[in-house]
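Single-structure report; data block below.
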Amino acid sequence: MAWIEGIAQTPHGFVLDTINENGFENQESLATLSSKFTNRKTSRKRLTTDCQTWSAVSAEPFWRFLGIAASKPRDRHSVFKMEHEETEYLIPASVVIAAMLRPIKHIFPYLFRPHGLEQISIPLFDASSPSVGFYIPVHRVVGNTRTLTDGLHAGLSWMHCFPSAREMWDSVYHSALTGKLNINLPKASMTTVLHSIAWKNTHLVTEMTITKIWANEAPFEFAKGHAAEFALHESATTGWVVASRSKPNLTKLCNMSSLSDEEWEQLAPRMIKMNSTKHDLRSIIDLILLKLKTGTPWSNLDFRGLNRPIVVYTYQSMLRDGRWEYLENTLHTTRNAYAL
């Protein structure tokens with residue numbers, strides 16, 4: 004068993020710097036990130052905690068427990084202290100990362116690269132539970148499609164839609180660039196099961212399972228109305244309610260769902276200037292208009308050869324950067340004029 008000292012960059016990417024009980028240092032694959040630092044028997048404790056009450060502390064208690072303090076390990080692996088009912092728990096960042104960012108053994112290649120979350124998925128809102136669409140084959144994210152649970156969907160949706168959860172994902176990569184294994188804690192409370200070893204006056208946590216999360220912040224504007232409670236495991240239930248969004252006024256203006264040539268000529272300069280997709284933007288907008296007009300869920304929409312995640316991502320991008328508001332206002336003016 005080995006303790007993770009930090010992160011190193013090689014010509015082939017990031018690796019873990021580790022040190023074993025004999026003081027020997029080694030470099031291991033990020034795939035071993037979720038490996039336990041000891042096989043000793045642990046006790047379990049189920050509790051609810053607010054992540055913002057945790058504090059950063061030294062990893063020295065783990066070094067002394069493992070008998071490696073004399074080897075003077077590099078202190079580049081963050082440790083958090085959490086107190087509950089007068090008991091102190093010390094939780095390594097590696098344990099938090101493995102619990103928060105599931106399934107770590109499959110998503111770590113995306114976690115340790117810029118914009119990795121967008122390379123995996125995009126949030127979908129027309130569902131009976133928090134959901135995401137995948138840009139890549141699902142088995143590359145979860146290993147086996149049978150393990151693609153509602154909880155995994157919920158966790159990814161939370162990280163897409165809430166500021167500090169998104170920052171939490173990004174922080175792992177940014178910390179790795181400085182050689183540190185660290186994660187920024189989200190503005191959230193959670194129910195979790197801790198596996199720990201009682202040692203001296205504290206408990207050293209070797210593993211944690213998060214069953215439910217409550218976001219203690221508002222979501223991004225594009226996800227306004229998104230539920231703030233997430234069940235990450237089947238053992239936890241949550242009253243997820245599909246986010247209610249007011250329908251754009253333009254859907255009531257007339258029966259046209261697609262843009263006319265005149266409308267597109269007026270909209271195109273603003274739309275295309277800020278567009279990042281190589282797909283036909285006019286066709287994407289026509290599809291979004293059809294979806295809004297009919298109320299058809301994304302999952303039941305005929306995408307006419309277009310890629311569903313690209314269409315949804317484009318819609319969310321336009322909501323964020325103001326293009327959709329501009330489109331609404333423009334069509335409101337032109338279509339009302341035609342109706343007179």
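Under the numbering used here, residue 343 is the last one in the sequence shown; the count climbs by one each step, no gaps. We put the CB at the ideal spot given by N, CA and C, even for glycine.
Exercise. Taking the Cβ atom as the reference point for each residue, do L207 and F68 lie within a distance shorter than 7 Å?
Worked result: Going by C-beta atoms, L207 is nearer than 7 Å to F68.
Exercise. Roughly how many angstroms lie between the CA atoms of M4 and S167, to the nearest whole one?
Worked result: Here the alpha carbons of S167 and M4 stand approximately 33 Å from one another.
For this session: Please list, in chain order, all residues of the same chain as I200 whose beta carbon is under 6 Å from its beta carbon, the five residues on each side excluded.
Result: The answer, listed in chain order, is R43, T45 and L207.
Problem set entry | Status (buried if at least 16 other CB within 10 Å, exposed otherwise) for F306 | So F306 counts as exposed.
For this session: Determine the burial state of Q319: buried for a count of at least 16 other Cβ atoms within 10 Å of its Cβ, exposed for fewer.
Result: It counts as buried.
For this session: Determine the closest residue to H15 out of N25, G26, S32 and F27, with distance taken between C-alpha atoms.
Result: Nearest to H15 by alpha-carbon distance, out of N25, G26, S32 and F27, is S32.
For this session: Enumerate in chain order the residues of its own chain whose CB-to-CB distance from M211 is below 6 Å, with the five nearest sequence positions on each side excluded.
Result: A distance below 6 Å between beta-carbons, with the five flanking residues on each side excluded, links M211 to the following residues of its chain, in chain order: V98, A102, T195 and L197.
Exercise. E63 lies in the alpha helix (DSSP H); which residues open and close that run?
Worked result: E63 to L69 is the extent of the alpha helix (DSSP H) around E63.
For this session: Go ahead and label T56 buried or exposed: buried means 16 or more other beta carbons lie within 10 angstroms of its beta carbon, across all protein chains shown.
Result: Burial check for T56: the Cβ neighbour count within 10 Å stays below 16, so the residue is exposed.
Problem set entry | Whole-angstrom C-beta distance between F165 and E232, which should lie under 8 Å | The Cβ separation is near 12 Å, so there is no contact.
Problem set entry | Contacts around P60, its chain only, beta-carbon distance under 6 Å, and the 5 residues preceding and following it disregarded | Just to set this straight, residue 60 is Val in the shown sequence, not Pro. Listed in chain order, the non-local C-beta contacts of V60 below 6 Å within the same chain comprise V82 and K84, local neighbours out to five positions each way being set aside.
For this session: Kindly give me the distance between the Cβ atoms of A96 and N185, rounded to whole angstroms, as I take these residues to be in contact under 8 Å.
Result: The beta-carbon separation of A96 and N185, rounded to 5 Å, stays under the 8 Å limit for a contact.
For this session: State the Cα-Cα distance for the pair I7 and T181, rounded to the nearest angstrom.
Result: So the two alpha carbons sit approximately 15 Å from each other.
For this session: Closer than 7 Å by C-beta to S37: which residues in its own chain qualify, once you throw out the five before and the five after it? Chain order, please.
Result: Cβ within range, chain order: A101, I107 and K108.
Exercise. Over what stretch of residues does the alpha helix (DSSP H) that includes E265 continue unbroken?
Worked result: E265 -> alpha helix (DSSP H) spans D264 to K276.
Problem set entry | Residue from H282, W172, R338 and R323 whose Cα sits closest to the Cα of I313 | Proximity to I313 across H282, W172, R338 and R323 peaks at H282, based on C-alpha coordinates.
Exercise. With 16 as the cutoff for other CB atoms within 10 Å, does T13 come out buried or exposed?
Worked result: Residue burial annotation: T13 is exposed, with fewer than 16 other C-beta atoms found within 10 angstroms of its C-beta.
For this session: Quick one: measure Cβ to Cβ for T51 and S263, integer angstroms, because I've assumed they're closer than 8 Å.
Result: Between S263 and T51 the Cβ distance is about 55 Å, and since that is not below 8 Å, they are no contact.
Exercise. Going by other Cβ atoms of all chains shown within 10 Å of its Cβ, with 16 needed for buried, is G70 buried or exposed?
Worked result: Under this definition G70 is an exposed residue.
Exercise. Using the C-alpha atoms, what's the distance from V175 back to T337?
Worked result: Between the alpha carbons of T337 and V175 lies a gap of roughly 47 Å.
Exercise. DSSP on N23, reduced to helix/strand/coil?
Worked result: In the three-state DSSP reduction, N23 falls in the strand class (E or B).
Problem set entry | Alpha carbon of L120 to alpha carbon of S160, nearest angstrom | If I take the Cα positions, the gap works out to 10 Å.
For this session: Express the C-alpha separation of G136 and S124 in angstroms, rounding to a whole number.
Result: Taking the straight line joining both Cα atoms gives about 5 Å.
For this session: Starting from the C-beta of W1, find all residues in its chain whose C-beta is less than 6 Å away, skip the five residues before and the five after it, and write them out in chain order.
Result: There is simply no residue 1 to check, as the chain begins at 4 and stops at 343 in what is shown.
Exercise. Should F65 be labelled buried (16 or more other beta-carbon atoms within 10 Å of its own) or exposed?
Worked result: So F65 ends up on the buried side.
For this session: Run the CB neighbour count on A234, radius 10 Å, all protein chains shown included, and call it buried at 16 or more, exposed below.
Result: Taking all protein chains shown into account, A234 has 16 or more neighbouring C-beta atoms within 10 Å of its C-beta and is therefore buried.
For this session: Write down the C-beta distance between T35 and E28 rounded to the nearest angstrom, noting that I regard them as a contact closer than 8 Å.
Result: That pair is no contact at about 15 Å.
Problem set entry | Assumed close pair L309, I287 - CB separation to whole angstroms, cut-off 8 Å | L309 to I287, Cβ: 6 Å. Contact.
Problem set entry | Spatially closest choice to I94 from H80, N25 and A11, by CA coordinates | For the options H80, N25 and A11, the alpha carbon positioned closest to that of I94 is the one of H80.
Problem set entry | Distance between K294 and R169 (C-alpha atoms, nearest Å) | If you take the alpha carbons of R169 and K294, they lie about 28 Å apart.
Exercise. What's the gap between the Cα of L334 and the Cα of D289?
Worked result: Going by C-alpha positions, L334 is about 13 Å away from D289.
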